[in-house]
Amino acid sequence: MRLFLLRHAEAVPGTPDAERVLTKKGQLQVKCLVESLSLKALSDVRAIEHSGFVRAVQTATRFVELTGLDLPLLPVTGLRPADNAKRILKDITETRHDRLIVGHNPNLAIVAGRLLGGRRDEVSVVLKKCALIALECAEGPTKKYPLGQWRLLWLIDPSRLANRPE
Numbered sequence: 001m002r003l004f005l006l007r008h009a010e011a012v013p014g015t016p017d018a019e020r021v022l023t024k025k026g027q028l029q030v031k032c033l034v035e036s037l038s039l040k041a042l043s044d045v046r047a048i049e050h051s052g053f054v055r056a057v058q059t060a061t062r063f064v065e066l067t068g069l070d071l072p073l074l075p076v077t078g079l080r081p082a083d084n085a086k087r088i089l090k091d092i093t094e095t096r097h098d099r100l101i102v103g104h105n106p107n108l109a110i111v112a113g114r115l116l117g118g119r120r121d122e123v124s125v126v127l128k129k130c131a132l133i134a135l136e137c138a139e140g141p142t143k144k145y146p147l148g149q150w151r152l153l154w155l156i157d158p159s160r161l162a163n164r165p166e
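Position 15 of the sequence shown, counted from 1, bears residue number 15 in this note's numbering, the numbering being contiguous throughout.
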């Protein structure tokens with residue numbers, strides 16, 4: 001199983017938090033990301049899951065438009081910024097198919113760190129806006145590794161790419 005975690009692109013500041021829309025730069029960040037991505041990696045993803053917050057929905061929608069992938073967009077409980085990351089971790093460990101999740105920090109960074117760090121918070125992951133990290137479950141959950149054993153496949157940080165928006 002592969003897990004792709006995509007942090008939403010840049011959004012306008014303000015409140016209410018759930019209604020913040022992508023900036024022009026945020027839309028360009030998604031374009032930059034897609035131009036750097038091999039779509040073959042996503043061939044077994046069945047849907048794009050998101051938090052339901054406008055900026056996550058817009059990031060997911062723009063991603064689908066630019067990739068041409070024919071994937072449904074599904075709102076998923078537990079992906080909002082203030083939600084407890086334990087819920088999504090439990091959901092991930094009970095899944096056996098590839099997933100692409102569009103969400104927010106701190107949850108996505110916590111999820112990636114916990115999966116890569118094993119039983120303790122040994123790994124700190126930094127996900128900038130519109131960063132996409134790919135993880136692979138090498139071995140399912142065991143008593144010693146209740147979240148399974150995961151490895152980092154790659155990380156794309158649009159802020160470090162040559163074609164990044166300024």
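Here a beta-carbon is modelled for each residue, glycine too, at the ideal position from N, C-alpha and C. Predicted model only: the values in this text are computed from it and were never measured.
Item to check | Counted within 10 angstroms of its Cβ, other Cβ atoms place E10 as buried (16 or more) or exposed | outcome: If you number the sequence shown from 1, residue 10 lands on position 10. E10 comes out buried.
Checklist entry - In chain order, what residues of the same chain lie with their CB nearer than 7 Å to the CB of K155, ignoring the 5 residues before and after it? => result Numbered from 1 along the sequence shown, position 155 holds the residue referred to as residue 155. Note that residue 155 is Leu in the sequence shown here, rather than Lys. Same-chain partners within the cutoff: A131 and I133.
Next on the checklist: I'd like the span of the alpha helix (DSSP H) that includes A109, first residue to last.
Outcome noted: Translated into positions along the sequence shown, residue 109 becomes position 109. Its alpha helix (DSSP H) spans residues N107 to G117.
Item to check | Proximity winner among C137, K144, V126 and P16, relative to D98 (alpha-carbon distances) | outcome: Taking the sequence shown and counting its residues from 1, one reaches residue 98 at position 98. Considering only alpha carbons, the answer is C137.
Checklist entry - Between V102 and E19, is the Cβ-Cβ spacing less than 9 Å? => result Taking the first residue of the sequence shown as 1, we reach residue 102 at position 102. Taking the first residue of the sequence shown as 1, we reach residue 19 at position 19. No, Cβ-Cβ distance for V102 and E19 is not below 9 Å.
Checklist entry - Can you list, in chain order, the residues of its chain whose CB lies under 6 Å from that of G140, leaving out five sequence neighbours each side? => result For the purposes of this step, residue 140 is taken as the residue at position 140 of the sequence shown. G148.
Checklist entry - Taking DSSP as the reference, what is the three-state secondary structure of P158? => result The residue given as residue 158 occupies position 158 in the sequence shown. Helix.
Item to check | Where G68 falls: helix, strand or coil (DSSP) | outcome: Taking the first residue of the sequence shown as 1, we reach residue 68 at position 68. Three-state result, G68: coil.
Checklist entry - Residue range of the alpha helix (DSSP H) that L33 falls in? => result Along the sequence shown, one-based indexing puts residue 33 at 33. For L33, the uninterrupted alpha helix (DSSP H) run begins and ends at K24 to E35, by DSSP.
Checklist entry - If you draw a straight line from the C-alpha of V45 to the C-alpha of L161, how long is it? => result Locating residue 45 in the sequence shown gives position 45, counting from the first residue. Locating residue 161 in the sequence shown gives position 161, counting from the first residue. One alpha carbon belongs to V45, the other to L161, and they sit about 25 Å apart.
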